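Inspection log for the structure reproduced underneath, given as structure tokens.
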Amino acid sequence: MSSVKVELRKDQIEKIHSFCDAFNNAHGELINVLHKTQSEFGYLPAEVQEVIADRMGLPVAKVFGVVTFYSFFTMIPKGEFPISICTGTACYVRGAENVLAEFKKQLNIEVGETSADGKFSLSCLRCVGACGLAPVVLVGDKTYGRVAPDDVKEIISEYGS
Amino acid sequence: MDQVKLIIDGKMVEVPAGTTVYKAAKVLGIDIPVLCYMDLKDLNIENKPGGCRICSVEIEGRRNLAPSCSTDVADGMVVKTNSMRVINARRTVMELILSDHPKDCLICAKSGNCDLQDMAIKLGIRDIPGQEYAEVSTYRLDTSPSIIREMDKCIMCRRCETMCNDFQTVGALNAVNRGFHAVVAPAFEMNLEHSPCTYCGQCVAVCPTGALTEVDHTPKVIQALSDPTKTVVVQTAPAVRAALGEEFGLEPGTRVTGKMVTALKNLGFDYVFDTDFAADLTIMEEGTELLDRLTKHLNGDKDVQLPILTSCCPGWVNFFEYHFSEMKDIPSTARSPQQMFGSIAKSYFAEQIGVDRKEMVVVSIMPCLAKKYECQRDEFKVDSNPDVDYSITTRELAHLIKQANMDLVNMEDNEFDAPLGESTGAGVIFGATGGVIEAATRTAYELHTGKTLESVDFKQLRGLEGIRSASVDFDGLEIKIGIAHGLGNARKLLEDIKAGNSQYHAIEIMACPGGCIGGGGQPLHHGDSSILKARTKAIYAEDEGKVLRKSHENPYIIKLYEEFLGNPMSEKAHQLLHTHYFERKKKVFEV
């Protein structure tokens, strides 16, 4: 579970309630509610799941079950600068794995994790449609092409670390 | 309803549309093996996630095999349940399931009583090809006061989830994660102790493997029995006598009351008493409380709320403490029979025989797992010494008897010891749904009207329907009674009370299907709900065979009040026999 304890403000709880209510608290809409909530908060900590469960009249275990089943949902907050490495076919054959390994080493985190200072998070994605630039790395909205392991340190330093 | 004709294994069968292939085969006497599937007909519980694929069959014209438990029949369908292809597939499925299952059958709590083991035997599995390359999932052990979760042994059949969520509406368990990390767990993978779990044990009752089992207290009981400095007192719940025989091969519904008493005496218990005695005592307290609240309510006292709810069932108490804590003043304050017994044994009886309560060990034999938790609650301790030391289940008692090389079936009958072994028929029927309120009605009627009941059988209160309503004529005063068994049914009655729509004066609630006879600590029914009916019949037969059938006529209860307690609801009775409830719900970040 999330190691971060979150104290939700009243306006945040009301916001979650409004998402649930927008789908009439229908149990079949749980995934939509979770989508909406994650796009607002960036992730779905335990406390947020409890508010959703309570509002929709579902067991928290059920909400947690859905959150942990779909890889899209995350209980870990994204970093200030989310890093995504493309491991699609083109990037993969051009050495994305080595790039990924270097990011892991430099940041000392695994895929799906966020650095202790909350600055960087690491994820993989499949193809951004720029195979000509393979291997491709995204930091936030900025795209880096033809990335080699040696470039990794410099990319990270651009964001002040 | 439209009828559908199909052919299964070369035989024609006609069944209503919407029937599953599995059930259609049953009509022909073809027993397709199932593992995750479970059908508790009388309780309307069906678990058919189609997850294990053991029940796969071949359907002509379809490329893939289909799970028969969750495939509906169609007109003209041609099904094969035993073709070479099916048999091979079924074996492969079983081998795959077993490849990710521990092989410690010899020392597993479920050994000999395990659906997975039975299936391996049925299919004649002798080796697991590729085991050395197979990925094996592991999970930490979770021990709570009542239930042990050993999820390495889980086969993801989801039966526990169906019981916990659909039938009980407790919502403690759900499948989480995916692939080899998939596991049935409480929210945020906390331990059961930090979940809404009520310890009703219905998950344990339906688990096909050793993934969910009870905490075993038999070693502690054996230790107490072999300690010469301890006076060991045992009490047996009403539902135990109606089911214990099943563990020794007797027909469901065979009563073994007298044999059980002999076995307990032979095991070395110093006093073999009956929880039924405490059930009679419960009626004195709860019945008086009911009349008191009823009289005040009828006299217009706005502070007195009705309905009054029974409080004998610890699973139910855990349920309302978690889900309906704002209503915790509505249930009766009377302790459960188990706890009333412990309290009286370690005060009144200990005084009588001159034994210090710390030198007395009270063991209870219960059909229940929640009782294990209940007897550990702080409010049932005096100077940190519990009123009931160990609570063991019907299944654990059977193990104990077998370990002691005793032949229960051929034992002679014996009587419970006096004074805490004497009971009336009213105490016995506590074991079946509707029984507590019937027992209370027998006493409350006579106390209220001053008249003698012509017939003590209130048949309108009996049955297996999840929610029942009945009214009883108290000499011109109509008393409306509600009964629910299964916590999902209880929830409906509670929502009505919350919304101000309840018209009942009194409501009985039992957490388990059929009441205590279907408790989480009873011999496993393996999905056969006719066993629950047979046990219920046995309970009522025991009641009918009793000379005394009203709690207030129990001579030892009368004596207990004369010598020790004074009157029902007296100050002493309040101190020893009543309790109060707590809010149990905690936010996850508080634990």
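Chains as they are written, first to last, in the working numbering: chain A, 215 to 375; chain B, 306 to 896.
All C-beta atoms, glycine included, are put in the ideal place defined by N, C-alpha and C.
Quantities reported herein were computed from a predicted structural model and do not represent experimental measurements.
Cutoff 8 Å: V262/A Cβ touching any chain B Cβ:
Working through the first sequence from its first residue, we reach residue 262/A at position 48. Output row for V262/A: interface = no.
Between the beta-carbon of T328/A and the beta-carbon of P291/A, is there less than 8 Å?
The count along the first sequence starts at 1 and reaches residue 328/A at position 114. The count along the first sequence starts at 1 and reaches residue 291/A at position 77. P291/A sits close to T328/A, with the two beta carbons spaced by under 8 Å.
Less than 8 Å between CB atoms is the rule here; does N623/B satisfy it with respect to chain A?
Within the second sequence, the letter at position 318 stands for residue 623/B. Nearest CB-CB separation between N623/B and chain A: not below the 8 Å threshold.
Could you tell me if M389/B is buried or exposed, where buried requires 16 or more neighbouring beta carbons within 10 angstroms of its beta carbon?
Counted from its first residue, the second sequence places residue 389/B at position 84. Classification for M389/B: exposed.
For the alpha helix (DSSP H) that H830/B lies in, which residues bound it at each end?
Here residue 830/B corresponds to residue number 525 of the second sequence, with the count starting at 1. Boundaries for H830/B: no alpha helix (DSSP H) harbours it, and the DSSP string shows neither H nor E there.
Figure out for me which residue from C341/B, H810/B and R854/B has the closest Cα to the Cα of D420/B.
As a working note, residue 420/B is residue 115 in the second sequence. Minimum Cα distance to D420/B is reached at C341/B.
G279/A versus Q263/A: straight-line alpha-carbon distance, rounded
Along the first sequence, read from residue 1 onward, the residue named residue 279/A stands at position 65. Along the first sequence, read from residue 1 onward, the residue named residue 263/A stands at position 49. A direct Cα-to-Cα measurement between G279/A and Q263/A gives close to 11 Å.
For chain A, is any of its Cβ atoms less than 8 Å away from the one on G476/B?
Translated into positions along the second sequence, residue 476/B becomes position 171. Chain A has a Cβ within less than 8 Å of the Cβ of G476/B.
How should D722/B be labelled, buried or exposed, when 16 other C-beta atoms within 10 angstroms of its C-beta is the threshold for buried?
Here residue 722/B refers to the residue found at position 417 of the second sequence. Buried, since its Cβ has 16 or more Cβ neighbours within 10 Å.
Distance between I369/A and A439/B (C-alpha atoms, nearest Å):
Position 134 of the second sequence, counting from 1, holds the residue named residue 439/B. Position 155 of the first sequence, counting from 1, holds the residue named residue 369/A. So the alpha carbons of these two residues sit roughly 41 Å apart.
Tell me which same chain residues have a C-beta within less than 6 Å of the C-beta of A839/B, skipping the five on either side of it?
As a position in the second sequence, residue 839/B is number 534, starting the count at 1. Counting only Cβ-Cβ distances below 6 Å, and skipping sequence neighbours, we find P557 and G558.
Measure the alpha-carbon distance for A490/B versus I266/A and round it to whole angstroms.
The count along the second sequence starts at 1 and reaches residue 490/B at position 185. The count along the first sequence starts at 1 and reaches residue 266/A at position 52. If I take the Cα positions, the gap works out to 19 Å.
So Q643/B and M671/B are supposed to be a Cβ contact under 8 Å. How far apart are they, rounded?
Numbered from its first residue, the second sequence carries residue 643/B at position 338. Numbered from its first residue, the second sequence carries residue 671/B at position 366. In this structure Q643/B is in contact with M671/B, their Cβ atoms being roughly 7 Å apart against a cut-off of 8 Å.
Under a three-way DSSP split, which group does E363/B fall into?
Taking the second sequence and counting its residues from 1, the one referred to as residue 363/B is at position 58. Residue state, collapsed to three classes: strand.
Would you mind working out which of H790/B, L829/B and I802/B sits nearest G820/B, comparing C-alpha positions?
The residue you call residue 820/B lines up with position 515 of the second sequence. Considering only alpha carbons, the answer is H790/B.
How would you list, in chain order, the residues of chain B whose beta-carbon sits under 8 Å from the beta-carbon of F286/A?
Counting from 1 along the first sequence, the entry for residue 286/A is found at position 72. Counting only Cβ-Cβ distances below 8 Å, F286/A has no contacts in chain B at all, with the closest Cβ about 12 Å away.
Hey, is A240/A's beta-carbon within less than 8 Å of any beta-carbon in chain B?
On the first sequence, position 26 is the one that residue 240/A refers to. Answer no: the Cβ-Cβ gap between A240/A and chain B never drops below 8 Å.
Collapsed DSSP secondary structure at Q708/B in the structure displayed:
Translated into positions along the second sequence, residue 708/B becomes position 403. If DSSP states are grouped into helix, strand and coil, Q708/B belongs with the helices.
In chain A, which residues lie less than 9 Å from P354/B when you measure between Cβ atoms?
Here the question's residue 354/B lines up with position 49 in the second sequence. The contacting residues do not exist; P354/B stays about 13 Å from chain A at best.
Closer than 8 Å to chain B by CB, P291/A:
Taking the first sequence and counting its residues from 1, one reaches residue 291/A at position 77. Contact of P291/A with chain B is not assigned, every C-beta pair being separated by 8 Å or more.
If you drop the 5 nearest sequence neighbours on each side, which residues of the same chain put their C-beta closer than 6 Å to that of F629/B?
Along the second sequence, one-based indexing puts residue 629/B at 324. In chain order, L799 place their CB closer than 6 Å to the CB of F629/B, counting only its own chain and leaving out the 5 sequence neighbours on each side.
Out of D778/B, I786/B and T699/B, state which residue places its alpha-carbon closest to the alpha-carbon of R767/B.
One-based indexing of the second sequence puts residue 767/B at position 462. Taking only the C-alpha atoms, the option nearest R767/B is I786/B.
Could you check whether the Cβ of V274/A sits closer than 8 Å to any Cβ belonging to chain B?
Start at 1 with the first residue of the first sequence, and residue 274/A comes out as number 60. Closer than 8 Å to some Cβ of chain B, the Cβ of V274/A qualifies, so yes.
I'd like the ranges of any beta strand (DSSP E) spanning at least 3 consecutive residues and lying wholly in the segment 272-321 of chain A.
Runs of the beta strand (DSSP E) inside the segment 272-321 of chain A: 295-300.
Would you please verify whether the beta carbon of G279/A is less than 8 Å from any beta carbon of chain B?
As a working note, residue 279/A is residue 65 in the first sequence. For G279/A, the answer is yes, since a Cβ of chain B falls inside 8 Å of its Cβ.
Given a threshold of 16 other Cβ atoms within 10 Å of its Cβ, counted over all protein chains shown, does L713/B qualify as buried or as exposed?
In the second sequence, residue 713/B corresponds to position 408, counting from 1. When all chains shown are included, L713/B counts as buried.
Run the CB neighbour count on D344/B, radius 10 Å, all protein chains shown included, and call it buried at 16 or more, exposed below.
Position 39 of the second sequence, counted from the start, is the residue given in the question as residue 344/B. Note on D344/B: 16 or more other CB atoms within 10 angstroms of its CB, so buried under the neighbour-count rule.
Is it true that the CB of M589/B sits closer than 8 Å to the CB of P873/B?
In the second sequence, the residue the question calls residue 873/B occupies position 568. In the second sequence, the residue the question calls residue 589/B occupies position 284. Taking 8 Å as the cut-off, the Cβ atoms of P873/B and M589/B count as close.
May I ask you to report which of helix, strand or coil DSSP gives H231/A?
In the first sequence, the residue the question calls residue 231/A occupies position 17. Here H231/A sits in helix by DSSP.
Buried or exposed: where does T166/A fall if 16 or more other Cβ atoms within 10 Å of its Cβ makes it buried?
For chain A, the structure presents residues 215 to 375; residue 166/A sits outside this window and is missing.
Under 8 Å between the Cβ atoms of S373/B and V326/B?
Counting from one through the second sequence, the residue named residue 373/B turns up at place 68. Counting from one through the second sequence, the residue named residue 326/B turns up at place 21. Yes, these two residues count as a Cβ contact at 8 Å.
So I734/B is in the alpha helix (DSSP H); what residue range does that whole segment cover?
Residue mapping note: residue 734/B aligns to position 429 of the second sequence, counting from 1. Membership of I734/B in any alpha helix (DSSP H) is not indicated, and neither H nor E is assigned to it by DSSP.
Neighbouring residues, chain B, relative to T282/A (Cβ below 8 Å):
Indexing the first sequence from 1 puts residue 282/A at position 68. One finds V481, N482 and R483 in chain B with Cβ atoms closer than 8 Å to the Cβ of T282/A, taken in chain order.
Find the nearest neighbour of I788/B within the set L853/B, T587/B, I742/B and N604/B, judged by alpha-carbon distance.
The residue given as residue 788/B occupies position 483 in the second sequence. Comparing alpha carbon positions, the residue from L853/B, T587/B, I742/B and N604/B closest to I788/B is I742/B.
What residue ranges within the segment 641-696 of chain B form continuous alpha helix (DSSP H) runs of no fewer than 4 residues, ordered along the chain?
Qualifying alpha helix (DSSP H) stretches, in chain order: 642-649, 655-658 and 675-679.
Could you tell me which of A542/B, A584/B and K328/B sits nearest to M565/B, measuring between CA atoms?
The residue labelled residue 565/B in the question sits at position 260 within the second sequence. M565/B has its Cα closest to that of A542/B, out of A542/B, A584/B and K328/B.
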